[in-house]
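>
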Amino acid sequence: MKNKEISDYVDSFSMFLIEYDKNLNIQGIWLFLATLGCWSVPEGGLRITAFLITLLIFFNNLFVVWETEKKHVTFKAGFSNVERKISELENSTDREFWTEVLNLKKVQHLRFIGRLKRSPIYIVSFVFHVVCLSEVLI
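In terms of my numbering, the sequence shown opens at residue 1 and continues consecutively.
1) Would the region 40 to 52 count as touching the region 101 to 111 if we require 3 or more Cβ pairs under 8 Å?
2) How should Val-220 be labelled, buried or exposed, when 16 other C-beta atoms within 10 angstroms of its C-beta is the threshold for buried?
3) Taking the DSSP output, what are the residues bridged to Lys-71?
4) Between the region 119 to 136 and the region 17 to 36, are three or more C-beta pairs nearer than 8 Å?
5) Given a cut-off of 7 Å on the beta-carbon distance, is the pair His-109 and Leu-17 in contact?
6) Which first and last residues belong to the alpha helix (DSSP H) in which Pro-120 is found?
7) Using beta-carbon positions only, say whether Arg-47 and Val-127 come within less than 7 Å of one another.
8) Between Phe-13 and Val-107, is the Cβ-Cβ spacing less than 7 Å?
9) Out of Thr-68, Glu-43, Leu-31, Val-41, state which residue places its alpha-carbon closest to the alpha-carbon of Ile-57.
10) Would you check if the distance between the CB atom of Lys-71 and the CB atom of Tyr-9 is smaller than 7 Å?
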């Protein structure tokens, strides 16, 4: 595998991570609206069911397709795929360089504070949903 191919692959994974964050915030808006809608359901088991179904739907919508791989991937699987491609490089200097680039992307994307900054809408909506669900269950 050549540097250009690795560069394109890492770029596509970076775009996947960016799209994931965008999708997460859009899902947060819909989760908030769906949570408000759950309150219009009559009290009791039906309302609890509405909240649980809403939660399941939005957990399912968290996953986006990585276009290069043509499938849904988790962060762990995505990083593993990139690591595997990097390990196929023949030149050890190139391997070291791309491993360092990937490690920087991991730190940048997986840090808790970074996640809060990139996905505030989803996090607030999710917390709101959990608080509302606990209110319904109590």
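Each residue gets a CB set at the ideal place from its N, CA and C atoms; glycine is no exception.
Taking the definition as stated:
1) Verdict: no, contact absent.
2) Summary: the structure shown does not reach residue 220, with the chain confined to residues 1 through 138, and so no result is reported for it.
3) According to DSSP, Lys-71 shares a beta bridge with Trp-66.
4) Short answer: they touch.
5) A distance below 7 Å separates the beta carbons of His-109 and Leu-17.
6) Residues 120 to 137.
7) No, the Cβ-Cβ distance between Arg-47 and Val-127 is not below 7 Å.
8) No, these two residues do not count as a Cβ contact at 7 Å.
9) Of the candidates Thr-68, Glu-43, Leu-31, Val-41, the one whose C-alpha sits nearest the C-alpha of Ile-57 is Leu-31.
10) In terms of Cβ geometry, Lys-71 and Tyr-9 do not form a close pair [threshold 7 Å].
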